[in-house]
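Step one of this worksheet: look at the structure below.
Protein chains: 2
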Amino acid sequence: MSIHARPTLEDVAARAGVSRATASRVLNASPRVSPEALEAVNAAVLALGYQPNRAARALVTRRTGAVAVVFSEPEPKIFDDPHFARLIRAGARALADVDVQMVLMLVHSPDDQARAHRFLAGGHVDGALVFAPHRNDELVSIVKKLPLPVVYAGKPWGSLRGMHLVDNDNEGGAVLATEHLKSLGRKKIVHVSGPLDELSAIDRLNGFKSAMGLDDKGAAKVTEDGGFTREGGRKAMAALLAKVPTLDAVFVASDLMAAGALETLQEAGKRVPQDVAVVGFDDHVAIAEHTTPPLTSVRQDSDEQVKHMVEHLMKLLRDETVKTKKQVLPTVLVRRESA
Amino acid sequence: MSIHARPTLEDVAARAGVSRATASRVLNASPRVSPEALEAVNAAVLALGYQPNRAARALVTRRTGAVAVVFSEPEPKIFDDPHFARLIRAGARALADVDVQMVLMLVHSPDDQARAHRFLAGGHVDGALVFAPHRNDELVSIVKKLPLPVVYAGKPWGSLRGMHLVDNDNEGGAVLATEHLKSLGRKKIVHVSGPLDELSAIDRLNGFKSAMGLDDKGAAKVTEDGGFTREGGRKAMAALLAKVPTLDAVFVASDLMAAGALETLQEAGKRVPQDVAVVGFDDHVAIAEHTTPPLTSVRQDSDEQVKHMVEHLMKLLRDETVKTKKQVLPTVLVRRESA
DNA sequence: CTCCTCGATGAAAACCTTTGAGTCGCAGGT
DNA sequence: ACCTGCGACTCAAAGGTTTTCATCGAGGAG
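So this is what it looks like as structure tokens:
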């Protein structure tokens, strides 16, 4: 080992007075190694500041120690949604915790899709976490064909056979929200939904419908699509005020939209919660705690969701036979002042 | 090559009727190869769907083909700032374009710092893009000692010797904003600054001061720190209204704070821009286009900044002697309705 | 005392690519 | 006829780790 080069396993072994093989066993926590050897190797590692060469290890184990985190969104603008930042942060943390490299991939265009395909097929990562909520997202079909362990966030559109996913209980949360509004004595409850090409939006709508005892026809009269954007929430709320002038409560399928809806209500001279009670969804603190009034919302714990996704993927990578392929995380109602 | 295994360079060479070495040279665009060989190899690559094994390549070239993107923020909450999402997106895109893996690292705690240190020192990446705007951020001193090519976003605190960075012209932008307000005939112009432990905030403050011809004392009377948060902007604006009741214009050092300031102004019954003209900074469309009224703002093109950072880092990696170590990107004023 | 067993260890193959050194054939100069 | 130079190519080493297989020694059973 020259002065400047990084120490290799060979150096460690030499210093510890054992062979490369034994040193390797120590590093990989093999049980077949004597206490003395273990101690000696550990000391050498520490003294030399040894760090295994990832490339060499990857070459022989056929494992890269990296996983891809893929966000597929036809509309780049959606990334202004703070939800996205929260998921990325959670991913970075959870993967760092298990000492795995996170390779972030954002796919917007067909070009991006092709690139993602090449990359994922190229064996550059051991597995992937995929966020692809939209209907008929081709990326999902592409990924499905790959011999690569994948865990999805939420239900991707299409058949779920053989897929692994961690979802939030969107429907249950929607029921919670709606029941809460009912329990406040509200009679005319309406709903601002997300875009109906995302299953999470559909599930929330379904929860609303079932809690209200509505069929499709009935629901259509008291529901507007807000597209999961602030501006959309604003407009949807305005449309609902026109459609149902006597409304006294609204369940909004995301906090961002709820912020927009609150603005519309304020402009229309409605007091919240006295005239109209409002419940959001996400419990995104940066939004919910700073609206006026602070927003009652259904909490879905994204950190938890991502953590579960990572755990699940790690099990797949360790080739453990995974008992449960689909997990649904509970949602809870967080009361603030808007309802 | 078995049925299921991925093809190796050996397979490609065999199919093309050449040696591994020649095949390799084709892949690496070496000039020393005949047209026929080139053609044959390319055909074989295509036919076999060959993809080079990154690990093997990394092992011999001592290059990983990955770079780290590091965000150092003592306060995780700051990541709710949409600016962060924009930077990440830009990084993902720019790095994908040059076919380099992006390894995202978020460092909040000293623990994270230690981990980042280990990782960056471990030779797992070829270089790093570092976002560490805060004063006395220890991560910067850590990174500085590493024999690793690094490009910073903006000026990190401390000596800049030997460092590579791409900054926005914060001071110039601030001058632009202030001059614009002056040209509108405004007489009492105040400033909501960012947190003064970030040089970008200080530069913007300096621009304001110089355009106004103020010294430190004079500036203190018409300036408030809004901490680069919406809520902070709200409060700072309120404080300024109390301090300078006759104010007729405000330059706010970020769009997020400006959104908060607008709310305060509205609550105080001030019309924008008639009573008070407002200019923001960032030109973050998701904010600036959706405030009421739409926000006049100084544009700093983050996409461009990140693109330059990547380009610069690539030059460093190719070991080109880089002429310019510090780049400053221009800022421009985007007029909307608030001023 | 010999034979086995078993746990710890070492030697060496394997993983796949890049690259410097060496080979080969051929044209052109002497 | 012989060397030289050159372009196109092949050979084989090197890069650092994991893992299989063989070896070695100690201790227990017979």
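Each protein sequence line maps, in turn, to chains U and W. Per the UniProt record's numbering, the very first residue in the first sequence carries number 1; after that it's consecutive. Per the UniProt record's numbering, the very first residue in the second sequence carries number 1; after that it's consecutive. Glycine included, each C-beta is placed from N, C-alpha and C at the ideal position.
| Check | Outcome |
| --- | --- |
| Does T296(W) come out as helix, strand or coil in the three-state DSSP assignment? | strand |
| Does any residue of chain W have a CB that is nearer than 7 Å to the CB of R299(U)? | no |
| Spell out whether any CB of chain W is found under 7 Å from the CB atom of Q266(U). | no |
| Which of the three DSSP states, helix, strand or coil, is assigned to D303(U)? | helix |
| Compute the distance between the beta-carbons of L129(W) and S72(W), then report whether it is under 7 Å. | no |
| Could you check the C-alpha separation between R230(U) and A277(U) for me, to the nearest Å? | 18 Å |
| From this set, A37(W), A132(W), F119(W), which residue's C-alpha is nearest F84(W)'s C-alpha? | A132(W) |
| Check the Cβ of F84(U) against every Cβ in chain W and list those closer than 8 Å, keeping chain order. | A85 |
| Should G122(U) be flagged as near chain W, meaning a C-beta pair shorter than 7 Å? | yes |
| Only counting the same chain, and skipping five residues up and downstream in sequence, which positions put a Cβ closer than 7 Å to that of E10(W)? | R20 |
| Straight-line CA distance for P7(W) to K144(W)? | 41 Å |
| Between V192(W) and E224(W), which are expected to be in contact by the criterion C-beta below 8 Å, what is the C-beta distance as a whole number of angstroms? | 6 Å |
| Once the 5 residues before and after A37(W) are set aside, which same chain residues still bring their CB inside 8 Å of it? | A16, V18, T22, V26 |
| Reducing DSSP to helix, strand and coil, say where N28(W) ends up. | coil |
| Please give me, in chain order, every unbroken run of the beta strand (DSSP E) with length at least 3 that falls completely inside the region 29-100 of chain U. | 66-72 |
| Can you tell me whether DSSP reads L146(W) as helix, strand or coil? | coil |
| Quick one: what does DSSP say residue 346(W) is sitting in, helix, strand or coil? | The shown model of chain W, from 1 to 339, leaves out residue 346(W), and the question about it has no answer. |
| What residues of chain W sit near Q51(U), judged by a beta carbon separation below 8 Å? | R118, A121, G122, G123 |
| For V272(U) and chain W, any beta-carbon pair shorter than 7 Å? | no |
| Does N28(W) pass the burial test, meaning 16 or more other C-beta atoms within 10 Å, or should it be called exposed? | exposed |
| Taking a cut of 8 Å between CB atoms, which residues from the region 138-156 of chain W lie near chain U? | none |
| Against E305(U), what residues of chain W qualify as contacts under a CB-to-CB distance less than 7 Å, listed in chain order? | Here residue 305(U) turns out to be Gln, not Glu, going by the sequence shown. Residues of chain W passing the Cβ test: none, with the nearest at roughly 17 Å. |
| Terminal residues of the continuous beta strand (DSSP E) containing G280(U)? | 277-282 |
| Could one say the Cβ of A56(W) lies closer than 7 Å to chain U's Cβ atoms, at least one of them? | yes |
| Judging by CA-CA distance, which residue of D169(W), N168(W), P149(W), G173(W) is the nearest neighbour of G162(W)? | P149(W) |
| Work out the CA separation of S159(W) and L196(W) for me, nearest whole Å. | 17 Å |
| Below 8 Å on the Cβ atoms is my contact criterion, and I expect E263(W) with R234(W) to pass it. Report the Cβ-Cβ distance as a whole number of Å. | 6 Å |
| For A66(U), collect the residues of the same chain with a Cβ closer than 6 Å to its Cβ; drop the 5 residues on either side in sequence, then sort them by chain order. | Q101, V103, V125 |
| Straight-line CA distance for V252(U) to A242(W)? | 37 Å |
| So, helix, strand or coil for M163(W), using DSSP? | coil |
| At a Cβ threshold of 7 Å, is R20(W) touching chain U? | no |
| Roughly how many angstroms separate the alpha carbons of L329(U) and D111(U), rounded to a whole number? | 34 Å |
| Per DSSP, L256(W) forms a beta bridge with which residues? | BP columns for L256(W) are empty, so no partner. |
| With a threshold of 7 Å on Cβ separation, who are the neighbours of S200(W) within its own chain once the five nearest residues in sequence on each side are excluded? | P133, G154, N170, G194 |
| According to a CB-to-CB cut-off of less than 9 Å, which residues of the region 19-39 of chain W neighbour chain U? | none |
| Quick one: is D137(W) buried, meaning 16 or more other Cβ sit within 10 Å of its Cβ, or exposed? | buried |
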